[in-house]
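In the numbering used here, the protein residues as written are 50 to 771. Heads up, the thing below is written out as structure tokens.
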Amino acid sequence: MNGGTYMKAVVLCGGRGERLMPMTDRRPAALLRLCGKEILLFTLEMLEKAGFEEAVLAVGYGSEQVERLLDEKYSGKIKLHMINTAGKSTVQAVRTAMCDETEILAVECNCICTHPLDEIIKVHLSYDTFCTALTYDTENKPAGIYIVKRELFDSLNPEKPMDMTEDIIPEAVKSGEAVLLDGKGYYKRITTPEAFLDCQRHMLYNENMSQRLTENNFSGAAIGEPVYIGENVSVMSGSVVESGSVIDNNAVVKGGKVNGYVGIGSVVSERCDINSAVVCRGAVLDSGVKCGEYSVIGEKAHIASEAVIEKEVGIWSGKTVEKGARLYENVKISSDSRLVIDENGECSLWGGEATAQKAMLFGLCAASAAKKGGSIVTAYGSDESLLLKQALDCGICQAGVNVYSIGRAGISELSYAVNRFGGEFGILIGANISGHARLISAGGMLPDEKLLDRIGSIADDRAYRSVGLSQTGCVTDFSAVRELYVAELEKILPDRFKGVNVDIRTYDVKKATLADRLFHGRNDIDGERIIFNLSADGTKVSAYSEKTSYVMWEKLVAMYAGVCFEKGLAVALPENFPSNADATAEDHCGRLYRYKSNADIAKDVAVSTHNMFAYDGLYLASAVTSYLSEQGITLQKALCDVPDAYTSSRFVGITMSRENKEKMFSELGCSAEGEITMGKTHAVIRPLRDKKGITVFAESVSCEQAAAFCENITSRIKGIFR
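Okay, structure coming up:
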């Protein structure tokens, strides 16, 4: 296939690698280094060897680090595009990456394999099936490298998180829609520290990878340069010591089945014993430290002298372990770690496992940034998060702020409650399995950046508000707001449907019960039966019918915005989403306000009940159903004038001072809001909150045009600051 292949590839490299923690505490699994080289670069080499000329990188956690790696180290011939699939399953990520392609080869970036990819393509072309997957398992389990056709996804719910190798491909094999190909050569899926070390050992002994670090091996190990190795040091064959590291006198890096790894710039002091363990970049081990099998010392962690880290124990990044300590359990949070709230208002509660103590401290920080005597609306997302919610409320009250508690709810109900009761903002805790907290303001808008910065500063400085006992806040039960929310939905649904056959599908039992209460099967219009699929958090909804196929959330929002414009109602939407709503507003002479550029007006509009469709999937489904019933038309007809829109985004790692921002906007010729338009393609440049980079969003009538425009702007920006 040296002449190139007609097919594109997608590299799934957005996973955090939870079972690899704390190796992946500060970087995605795709950027772990095997024998001095990142796993992602091995994957790209494999694609280039097979003749691939174009690939999509589906990134998520650590996307800016992936961007930086490619800028600094990738010099291959493959044309790369990046899409952000954070929070999506492998099925959703592959589906998103396909864009307009009919079939695509997918490689999950935690796989190291020597089977030629061009052979997989040949086998795929010889069978008339929807999928061809590589397998190395005696039970025929797919290996994370597969070719899929678009038809494989036709019957799947796009909102349901599913795994390609665990869920979809095995079922496709059973139904005769997929072919499994027995893999040749070496294969390892790097999902644990043990697998990482085993793969490293294989490369050193069988793939001659030691030459990638240096030609001067130490006892058959791979030693980077420059390093310092003291007297009487033993580094056993198969181990890796990366450049910039120090291995002091009488230290041992050894192992049994697999051997040790010492990352870039680490310090292993005298008499340390590294036994099949992983020491990540920049970690410092004082004298006499012992690390048991498959233990992991996170980046920039400090292990004081004579400490013992037992087998399979992980020390998270930045953590300090006291002198002489003997640890049998993971240590997940550093005393000096920072509270980080991202652009979506989501906070990981200092990283690691969510605890009641961290939830209480977060409530104390958030309330200290709010008005004394004011109110915050709180909710919890799952039964497992009830204790976190109680601790959160306790922290808020300690800072002299009242709590309006609505119990177990989603973002949609929380936003409605903030609108209804006038709380300063709302906090949903435990919306996902990680126990993260999410902040939301009135109208479903993100909290003001100044508020987020203030919360972060209070956490950094531990500058919590202190109030007397008589001034502490109180918790008021407002769980009845959920019934008011249902009443709002019932208001917009007609008493009698005019032939609309609708079904709501969701994996949230409470949402499903509510949908059954609101919707009932009706006779269809012109043979059209509509299935609405709610997203996991309830904020979005897609639709499906045989006449329309899948209709994504963005298009439904643009359609219903047009309905509001026809009724003379103003609409408020997020800053970057979607540009076809602007065209819809222009067609209807409607009033459209964006959250940031028209902040005050947008907030007034956003809190209006009719604007709930912008952040509430169930409300949008109800509103669309009501409109179709009133007009007596099909969804297909209602959508015929709504333009399609495809998006792409790229990260650029540039420090964004005011001077740099003005220079960039001037040379790019964009507006003061960072907008650039070329024909039907529109882009927006947004600096990150920490000013350590920018994100370029592009939107167009085709996936290819959006990606190309996004890449063009990104290249121009890099040229400006080169």
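Ideal Cβ placement from N, Cα and C applies to all residues, glycine included. The structure presented is a predicted model; accordingly, all values stated were derived computationally and were not measured.
If distances are taken between C-alpha atoms only, which option among the options comes closest to residue i?
| i | options | result |
| --- | --- | --- |
| G472 | A440, V222, S424 | S424 |
| V197 | F581, R554, A227 | A227 |
| Y343 | T73, V328, A350 | V328 |
| S124 | E94, S454, T151, R250 | E94 |
| A508 | L388, E319, I489 | L388 |
| Y185 | L246, C752, Y55, L230 | L230 |
| P44 | G234, K233, P191 | Outside the modelled stretch of the chain, which goes from 50 to 771, sits residue 44, for which no answer is possible. |
| D613 | E635, R707, T597 | Reading the sequence as shown, one finds Cys at residue 613 and not Asp. Nearest option by C-alpha distance: E635. |
| V620 | A632, S594, A651, W602 | A651 |
| I455 | T525, E433, N393, D391 | T525 |
| L61 | T763, K98, M131 | M131 |
| I313 | G331, A326, A300, I296 | G331 |
| L96 | R65, R82, K57, G64 | K57 |
| A486 | E102, V551, G412, S715 | G412 |
| K171 | E319, G64, L154, V590 | L154 |
| T674 | R735, T92, S591 | S591 |
| M601 | F91, I445, T145, Y377 | T145 |
| V317 | N308, G304, L334, A326 | L334 |
| L246 | L129, L538, K421, A326 | A326 |
Measure the C-alpha to C-alpha separation of residue i and residue j and round it to an integer number of angstroms.
| i | j | result |
| --- | --- | --- |
| V108 | Q141 | 12 Å |
| G279 | C84 | 22 Å |
| K542 | P242 | Note on residue identity: the sequence assigns Leu, not Lys, to residue 542. Cα to Cα, L542 sits roughly 54 Å from P242. |
| C180 | T404 | 43 Å |
| L605 | L669 | 8 Å |
| S366 | L501 | 24 Å |
| S678 | A672 | 10 Å |
| S354 | C396 | 34 Å |
| A78 | V380 | 20 Å |
| L437 | G492 | 25 Å |
| Q439 | A466 | 18 Å |
| L441 | K349 | 30 Å |
| T163 | K233 | 7 Å |
| E724 | A610 | 22 Å |
| G479 | A270 | 45 Å |
| Y310 | V302 | 8 Å |
| E150 | V105 | 12 Å |
| N298 | V362 | 25 Å |
| E748 | I489 | 26 Å |
| F700 | N133 | 10 Å |
| S292 | G273 | 4 Å |
| K223 | D552 | 29 Å |
Between residue i and the ligand GDP, is there a pair consisting of the residue's CB and a ligand heavy atom that are separated by less than 7 Å?
| i | result |
| --- | --- |
| I346 | The ligand content of the structure shown is nil, which means the ligand GDP is not present either. |
Label residue i either buried or exposed according to how many other C-beta atoms from any shown protein chain fall within 10 Å of its C-beta, with 16 as the threshold for buried.
| i | result |
| --- | --- |
| S515 | exposed |
| S417 | buried |
| Q249 | buried |
| Y176 | exposed |
| G373 | exposed |
| Y664 | buried |
| F770 | exposed |
| C781 | With the chain covering 50 to 771 only, the question about residue 781 has no answer from this structure. |
| T704 | exposed |
| L782 | As shown, the chain starts at 50 and ends at 771. That puts residue 782 outside it, with no answer to give. |
| R511 | exposed |
| P275 | exposed |
| C638 | exposed |
| N281 | exposed |
Tell me which residues share the same chain as residue i and place their Cβ nearer than 6 Å to its Cβ, disregarding the 5 neighbours each side in the sequence.
| i | result |
| --- | --- |
| M494 | Y644, A655 |
| F470 | Y453 |
| R375 | V357 |
With a CB to CB cut of under 7 Å and the five nearest residues on each side skipped, what residues in its chain are close to residue i?
| i | result |
| --- | --- |
| Q114 | R76, P77, L80 |
| T555 | A561, A564, L583 |
| H659 | C613, L618 |
| V426 | Y453, I455, L463, A466, V467, F470, G472, G475 |
Looking only at its chain, what residues have a beta carbon closer than 8 Å to the beta carbon of residue i, apart from the 5 residues adjacent to it on each side?
| i | result |
| --- | --- |
| N255 | Y235 |
| T214 | T139, E157, A182, K190, P191, A192, G193, Y195 |
| N159 | G64, G66, A78, A79, I88, G193, R238, I239, T240 |
Original post:
Quick check: the stretch 198–209 against the stretch 576–594, are there 3 or more CB pairs under 8 Å?
Top reply: yes
Subject >> contact_flag[the stretch 517–526, the stretch 449–456] where n(CB pairs < 8 Å) is 3 or more >> reply: yes
Original post:
Taking contact to mean at least 3 C-beta pairs separated by less than 8 Å, is the stretch 353–369 in contact with the stretch 68–79?
Top reply: Yes, since at least three Cβ pairs between the stretch 353–369 and the stretch 68–79 fall closer than 8 Å, the two stretches touch.
Original post:
Is the stretch 132–146 in contact with the stretch 99–115, if contact means three or more CB pairs nearer than 8 Å?
Top reply: yes
Original post:
Is there contact here, the stretch 164–177 with the stretch 112–123, by at least three beta-carbon pairs under 8 Å?
Top reply: With a cut-off of 8 Å on Cβ pairs, the stretch 164–177 is not in contact with the stretch 112–123, counting fewer than three such pairs.
Original post:
If you pair each beta-carbon of the stretch 524–531 with each one of the stretch 679–693, do three or more pairs fall below 8 Å?
Top reply: No, because fewer than three Cβ pairs between the stretch 524–531 and the stretch 679–693 fall closer than 8 Å, the two stretches do not touch.
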